[in-house]
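One line per chain: the protein sequences are A and B, in this order. Plus 27 on top of the position in the first sequence (first one is 1) and you've got my numbering. Plus 75 on top of the position in the second sequence (first one is 1) and you've got my numbering. Data first, discussion second: the structure below is written as structure tokens.
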Amino acid sequence: MNDDEYLLAALRIAAGADPVPARVASEAHAVYGLRLPGAVTASLVAPSPDTAIGARPLPGVRSNGSTAGTEPRLLRFAAEGLTIDVEITVCDSHLDLAGQVHPAPGKGARVEIRTPHVAKIRFPSESGEFATTGLPHGWLSIVCHRVGDPPVATRWQCIRR
Amino acid sequence: MPYDLDLLDETAWRDLVARHGYRMWAVARAFGLDAADAADAVQAAWLRLLESMHTIRDPERVGAWLVTTTRHEAARIGRRRTGDRLTDLPAEIPAPDGDPTAAMLTEEDGRRLWAAVDRLPHPCRMLLRLIVTVPEASYAQLSRRLDMPIGSIGPTRGRCLKRLRSLMEDER
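Structure, rendered in structure tokens:
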């Protein structure tokens, strides 16, 4: 973006030729409801070769590192002492998601898969695995609630086709 | 004054949206993103604010921070559209200092902007109006409409925007 393009965009908006869609403001308002006081943020880190859930070999990764259209996307999030691996399959109408918390978070832990409008709760397996299906395309965050420790929330990711 | 954004109440949040949403949209659109992608860039900035609230101490800087973050996210989405896979990696949290686009853009600023356009001499006034309100107009169409050689449309556009910018700076 250069200054000229910004100035033109500002002129367009001010002229009413490019009004800010109402949805943009209402979604910004809704973000307030997603606060998670006290949560630790897990940042996205570069996926490593062992990122695949259950240590399966990386499926569908081409030699240039990009993933084929229908193959899952692998994301690894790390916070101090906790890693969350997520494998997302992008389908036409929805997302399917499988993941694993390392180390396994122990008894009583819950994994919350959040979108701006829906949250799903999963109880991870003994090895920390969890899965869900039918998520909408768009923004996504995974929160691991543990007993006696602050929740760990991944940074929000926008997953689209 | 120290200020804890963790204590932001919903009214204060809605106030942030009202004050800065307009400018964030302009920044995202200035990257040439379509409406859906621009909406993602703006939403990204609000979500990043949620994640970073505890690191922001100066409420006066939140607007600049939101604008800078929107710009980073818009650039990232733009690069992803052109097939750069590395952009899935996280952006650094940007520092708001020294950001040339950090000044606020409100509806009042928009009115001042158009008042400044009206003070520009011919052909700037007409050229900018046409470029903004008829974005699909080709240089050939602009050339016929303004009775100018087609080759001078681009340079004139640049000159007019420069004049507009200096008019706005004089007002500060």
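Glycine residues also receive a C-beta, built at the ideal position from the N, C-alpha and C atoms. Just so you know, these numbers come straight off a predicted model, no measurement behind them.
DSSP places A:Ser-154 in the coil class of the three-state scheme, outside both helix and strand. Taking 8 Å as the cut-off, the beta carbon of A:His-172 is found no closer than this to the beta carbon of A:Arg-149. In the DSSP assignment, A:Arg-103 forms a beta bridge with A:Val-72 and A:Asp-112. In this structure, B:Glu-126 and A:Arg-182 form a Cβ contact; the two beta carbons are roughly 6 Å apart against a cut-off of 8 Å. Distance from B:Leu-202 to B:Leu-217 at the Cβ level is roughly 7 Å; contact confirmed, criterion being Cβ atoms closer than 8 Å.
According to the DSSP assignment, A:Ile-140 belongs to the beta strand (DSSP E) that extends over 137-141. The beta strand (DSSP E) runs of length 3 or more contained entirely in the segment 90-133 of chain B do not exist; there are none. Note on B:Gly-138: 16 or more other CB atoms within 10 angstroms of its CB, so buried under the neighbour-count rule. Proximity of the segment 151-159 of chain A to the segment 85-93 of chain B falls short of the contact definition, fewer than three beta-carbon pairs being nearer than 8 Å. One thing to note: A:Glu-32 has its Cβ no nearer than 8 Å to the Cβ of A:Pro-143.
The beta carbon of A:Arg-103 does not come within 8 Å of any beta carbon belonging to chain B, so the residue lies off that interface. The three-state secondary structure of A:Trp-166, taken from DSSP, is strand.
Counting the other CB atoms within 10 Å of its CB gives B:Ala-119 a total of 16 or more, which places it among the buried residues. Under the criterion of beta carbons closer than 8 Å, A:Leu-109 and A:Ile-115 do not qualify as touching, at roughly 19 Å. Listed in chain order, the non-local C-beta contacts of B:Arg-204 below 8 Å within the same chain comprise Val-192, local neighbours out to five positions each way being set aside. Contact between the segment 102-109 of chain B and the segment 164-180 of chain A is absent: fewer than 3 CB-CB pairs across the two stretches fall below 8 Å.
Under DSSP, no beta-bridge partner is assigned to B:Gln-216. A direct Cα-to-Cα measurement between B:Ala-150 and B:Val-117 gives close to 12 Å. Taking 7 Å as the upper bound on Cβ-Cβ separation, chain B lies near no residue of the segment 109-131 of chain A.
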